[in-house]
Amino acid sequence: MAPLPLQIINLCAALMLLLSFAMLSQRRVLTLVDLFALQGLVLSISIGVVAWNTGQPHLYYSAGLTFVLKVVALPLILHRLIRRLDARWESETLLNIPTTLMAGLLLVMFSFALAQPISELATTLTRGTLGIALAVVMLAFLMMITRRKAVTQVVGFLAMENGLFFAATSATYGMPMVVELGVALDVLVGTVILGIFFFHIREQFDSLDLSHMESLKED
Amino acid sequence: MALLILLGMPLAGALLLGLLGERRWAPELNVLASAGTFAASGWLTWRVISDGPMLVWNQQFFMDPFNVFLVALTALVGFTTALFSRPYMRIEEHHGRVNRRRLRLYHSMYQLFMFSMLLALTTNNMGILWVAMEGATLATVLLVSLYRTPASIEAAWKYFILCGVGISQALFGTILLYFAASKLLGSEGSSALLWTHLDQIRGQLDPTVLSIAFVFLLVGYGTKVGLAPLHNWLPDAHAEGPTPVSAMLSGLLLNVALYAVVRCKVLVEGSVHSSLAGNLMMGFGLLSVLLAAFLLWRQKDIKRLFAYSSIEHMGIATFAFGMGGPVANFAALLHMTVHSLTKSSIFFTVGHAAQNAGTQTMDKIRGLVTISPTVGWGLMLGTLAILGMPPFGVFASEFLILITAMHEHPWTTPILLLGLGVAFGAIFSRVQAMVFGETNLQRLPHPPVLLPVFAHLALVLMLGLYIPPHLAAWYREAARLIG
Amino acid sequence: MNITGVTAQCTEIAMSVAAAPLLLGWVNQCRAWLQNRRGPGLLQPYRQLRKLFHKDAVLAANASPLFRLVPYVEFASMGLAAAIIPSLWTGLPFGAAADTIALVGLFATARLFLALAAMDIGTAFGSLGARREMLVGFLAEPALLMVFFTTSLIANSTSLPTIADSFARHPLALYPSLAFAGVAFLMVLLAENARIPVDNPATHLELTMIHEAMVLEYSARHLALIEWSAALKLFNYACIGLALFLPWGLAQGPADPGGLLIALPATAFKLLLVGAGLALIETLNAKMRLFRAPEFLATAFLLAVLGLLVHLLLGS
Chain H
21 MAPLPLQIIN LCAALMLLLS FAMLSQRRVL TLVDLFALQG LVLSISIGVV AWNTGQPHLY
81 YSAGLTFVLK VVALPLILHR LIRRLDARWE SETLLNIPTT LMAGLLLVMF SFALAQPISE
141 LATTLTRGTL GIALAVVMLA FLMMITRRKA VTQVVGFLAM ENGLFFAATS ATYGMPMVVE
201 LGVALDVLVG TVILGIFFFH IREQFDSLDL SHMESLKED
Chain D
477 MALLILLGMP LAGALLLGLL GERRWAPELN VLASAGTFAA SGWLTWRVIS DGPMLVWNQQ
537 FFMDPFNVFL VALTALVGFT TALFSRPYMR IEEHHGRVNR RRLRLYHSMY QLFMFSMLLA
597 LTTNNMGILW VAMEGATLAT VLLVSLYRTP ASIEAAWKYF ILCGVGISQA LFGTILLYFA
657 ASKLLGSEGS SALLWTHLDQ IRGQLDPTVL SIAFVFLLVG YGTKVGLAPL HNWLPDAHAE
717 GPTPVSAMLS GLLLNVALYA VVRCKVLVEG SVHSSLAGNL MMGFGLLSVL LAAFLLWRQK
777 DIKRLFAYSS IEHMGIATFA FGMGGPVANF AALLHMTVHS LTKSSIFFTV GHAAQNAGTQ
837 TMDKIRGLVT ISPTVGWGLM LGTLAILGMP PFGVFASEFL ILITAMHEHP WTTPILLLGL
897 GVAFGAIFSR VQAMVFGETN LQRLPHPPVL LPVFAHLALV LMLGLYIPPH LAAWYREAAR
957 LIG
Chain U
63 MNITGVTAQC TEIAMSVAAA PLLLGWVNQC RAWLQNRRGP GLLQPYRQLR KLFHKDAVLA
123 ANASPLFRLV PYVEFASMGL AAAIIPSLWT GLPFGAAADT IALVGLFATA RLFLALAAMD
183 IGTAFGSLGA RREMLVGFLA EPALLMVFFT TSLIANSTSL PTIADSFARH PLALYPSLAF
243 AGVAFLMVLL AENARIPVDN PATHLELTMI HEAMVLEYSA RHLALIEWSA ALKLFNYACI
303 GLALFLPWGL AQGPADPGGL LIALPATAFK LLLVGAGLAL IETLNAKMRL FRAPEFLATA
363 FLLAVLGLLV HLLLGS
């Protein structure tokens, strides 16, 4: 019988995975951003629970940072961007959704298998969730490959960062504070830059559909 | 102190240029800041050579012969590129491709890019190394998209997404590294990510974790090195960004990324006790050489042509680092140096050639020598140098690498030779047609500054004929550190 | 096997068969209430059955004996399934006869016969319905199996009564894998029983119907049996869900008369809740276009597999 904090963390891990799949199969951009915010919330809760359980103060900061950045700031920025760009259209996928989901499932199995030897070495309470963290990274990766809209690619990029933070928490109880701050800063700046990019892209291509951007190819 | 100036100079430059970048003398300020950085790097190099490796600021920064040599190289090329960019960007402004506000962004990001590269080189913390690499990506994304043409936006987007994805893999690798180390060093504070600490205990790090971590790190930082098959961003970013940026990307950023890979490789080699890391690097290196060599034939754009040449040369350097051993490492370091110097000088001339022609399409550039002998000859000499013709330094480094390959892994020699031969044909035939023959080009409104080109080429020539003893000793020391 | 066991077993089957139309009536009644209608009353399915039994059967001229046989096969297999599924007791003699995998096979057999009968007459609608039904079944079965695998792994047994027993005794804990499996099961239940959003049981619109298209040719007592077995199928699925995910209150064995006093009201109450829940889902959702059904079922399969994987990885 596992202790309660571990149960909660496992539940959070499972929810993260579920939300990754939900994002993978979500067609609407606004819902996608909401799902991303929800994933950030689950992530910050799980970091908070780990902090409470291990009593490591820097994890509280990390949880707070995640909350502010991933639940409040970034979704807010993205929402505003989408509204300003009037980009509430449906975002289509390249592959059809069942195929994408099955590909995602294979990726999950791959990540679980890859994480297995590492988890066995870990001493943290949360070691089992490393596989899920890797799976979240891989699924975000898949999302970036299969989507052709600028906004969805960015959300995929950010979801990948979520997975990485989760990996850091589950394997080692978080990276050193200075590194986490740096990573968070990079993510924030990156999102702002991409936000500016949305306007350039739309100005140049009249749409945020990246399928227009295929002039630079090897011929 | 020298370090403080080294890092503070570009940061202050970035701030100042961000505020005052619309003034007429902004390019001069840019040159000044780069010169200051270069001077500081000289001072720092001198300190490290005379006093040995140094660890400063709570061990967060670390300088040994390996990275201080790259710091010096980075600052030098940063300085000469700033010299080149002054007239080049004036001409671009004259042609109406950029305005003052864009130039402010350009200069500010230029300095920020320098800062993040120097930070990546000098930091001792693998996490900060990652942050700095990502910072360099962000700065260059804005530089690549400077012209705001559809193609440049596309190139920048591709660059950002691909490198963002790649570098996320590197972060995962870093997490695994930290995980392996924190079991031995404890996760209190950040000592478990300090490279020097990791290096001390590398024999005890868990081999399984480190092998997996290295795959992620190699894929991550390898994306930024431009290793095939993750090289797609590189030609686009080089071709669509302003030429000084192409020169810096090729001459500096690729080096810094390769530096990160090598730092990781040192740790992994120490832990895994097999040649896994080396073999992976050799494999990726060979693949890049071959792929780039054959893709060179299909290029129509002059900057893309030399971008593929960069992939090829980074492949060679990665291959050499993968082989390991004192000679190969020595050769790889030398190759990084001469490639940086040569490739940036080539981009300088290519930039002016493209300005003369008003296009980057090679078929439309003819008879450079007639319209501007210095640009024409600079391009010709640079091309000869990069193709590994004696007596230039590239010949020396490639020769050393080939000799070592023949000795250690004989089967790789024909592949390398094939790659080099194919690349030679592809580049030489194109460049010859561009330099000589009937001209169809225009004169430039501002005289180009070609001092950097010939200074670089002279250095490369010198390294080919005669490596000063203390420089050789320095390389040898760095090569020994890499192991 | 003793006489109490046999009695209890017979009671359970009889109870299931008798109560199945009631559950259907309850779901329809709840739907009517939720949609601000008065509804036909709880007993409407019984009245329907009585009416159909009193009619004379009409058979197509080219109907084969198979066509006449299928309603009985359907009814029998659903009755058999009701015997296996622990709706009141867990330690019944029949429960040990077949495990969850056999149960899936039993449902598949029933589906196969129905599809054969639908194609037997050779009308366009029958074949179309059969094809759609097989598509849904083909996608839903793996998901159902995955759900069973997950629960079997947690309980270390593939026998449904044992799983229910073990879950009922297990201390309360958060099982993310069970949550995944539960949602997946619910989706399978909706698809397999021709409920909204996969099929609409109340429509005869040719573009959308699945189940109804297959049984268009049936009349009178044949139709009555088919409808009764459809109701029984819903009842069975509901009881499987209860046994897997809400197993509390089941009587431990036939020799436990006190248990029955708790089990009967408990099961009735849980079924009431399930019926109301189903009605709510059907009211809140619109029917999907048919080609979205694979997506829906792929999601169910995905959830079930995720549950399995999460269980394997985290052990919870």
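Protein chains in written order, with this note's numbering: chain H, 21 to 239; chain D, 477 to 959; chain U, 63 to 378. We put the beta carbon where it would ideally sit given N, CA and C, even for glycine.
- In the displayed model, residue 534 of chain D falls within coil according to three-state DSSP, outside both helix and strand.
- By the neighbour-count criterion, in which a residue is buried when 16 or more other Cβ atoms sit within 10 angstroms of its Cβ, residue 477 of chain D is exposed.
- For residue 599 of chain D, no alpha helix (DSSP H) encloses it, and the DSSP letter there is neither H nor E.
- Among the CB atoms of chain U, none fall inside 9 Å of the CB of residue 204 of chain H.
- No Cβ of chain H is located within less than 9 Å of the beta carbon of residue 921 of chain D.
- Here residue 173 of chain U carries a helix assignment [DSSP, helix/strand/coil].
- Residue 43 of chain H carries a helical assignment under DSSP once its states are collapsed to helix, strand and coil.
- Taking 4 residues as the minimum length, the alpha helix (DSSP H) runs contained wholly in the stretch 801-865 of chain D are 802-833, 844-847, 849-862, in order along the chain.
- C-alpha of residue 866 of chain D to C-alpha of residue 878 of chain D: approximately 15 Å in a straight line.
- Going by DSSP, residue 210 of chain H is part of the alpha helix (DSSP H) stretching over 197-225.
- Taken in chain order, the whole beta strand (DSSP E) runs of length 3 or more contained in the stretch 494-570 of chain D are 530-532, 537-539.
- For residue 227 of chain U, the uninterrupted alpha helix (DSSP H) run begins and ends at 222-231, by DSSP.
- Residue 310 of chain U has no beta-bridge partner at all, per DSSP.
- One Cα belongs to residue 77 of chain U, the other to residue 203 of chain U, and the distance between them is close to 27 Å.
- Residues 349 of the same chain have their beta carbon placed closer than 6 Å to that of residue 262 of chain U, with the five preceding and five following residues left out of the count.
- Between residue 82 of chain H and residue 179 of chain H, the C-beta gap is not smaller than 9 Å, which leaves the two residues out of contact.
- Pairing residue 247 of chain U with residue 306 of chain U gives a Cβ-Cβ distance under 9 Å.
- Within the same chain, no Cβ atom closer than 7 Å to the Cβ of residue 887 of chain D is found once the five residues on either side in sequence are excluded.
- For residue 147 of chain U, there is no enclosing alpha helix (DSSP H), since its DSSP letter is neither H nor E.
- Cα atoms of residue 96 of chain H and residue 169 of chain U: separation of roughly 49 Å, rounded to the nearest angstrom.
- Contact of residue 235 of chain H with chain D is assigned, a C-beta pair being separated by under 9 Å.
- Residue-level contact check: residue 78 of chain U does not touch chain H, since none of the beta carbons of chain H fall below 9 Å from its beta carbon.
- In this structure, the beta-carbon distance from residue 177 of chain U to residue 192 of chain U falls below 9 Å.
- Where residue 190 of chain U is concerned, the enclosing alpha helix (DSSP H) starts and stops at 186-217.
- Judged by DSSP secondary structure, residue 369 of chain U falls within the alpha helix (DSSP H) whose first and last residues are 355-376.
- In this structure, the alpha-carbon of residue 831 of chain D lies about 19 Å from that of residue 712 of chain D.
- Taking a beta-carbon distance threshold of 9 Å, residue 164 of chain H counts as an interface residue toward chain D.
- Shown here for residue 258 of chain U: same chain residues with a beta carbon closer than 8 Å to its own, the five before and five after excluded, namely 252, 343, 344, 347, 348, 349 in chain order.
- With fewer than three CB-CB distances shorter than 8 Å, the stretch 193-211 of chain H does not count as touching the stretch 148-157 of chain H.
- Less than 9 Å separates the beta-carbon of residue 744 of chain D from that of residue 752 of chain D.
- Against residue 141 of chain H, the close residues of chain D are 655, 656, 659, 682, 684, 685, in the order they occur along the chain (beta-carbon pairs closer than 9 Å).
- A direct Cα-Cα distance of roughly 16 Å separates residue 142 of chain U from residue 153 of chain U.
- Taking the CA atoms as reference points, residue 186 of chain U sits about 13 Å from residue 179 of chain U.
- Annotation for residue 765 of chain D: the continuous alpha helix (DSSP H) segment containing it runs 752-772.
- Interface residue (Cβ-Cβ distance to chain H less than 9 Å): residue 212 of chain U is not classified as such.
- As the crow flies, the alpha-carbon of residue 145 of chain U is around 15 Å from that of residue 313 of chain U.
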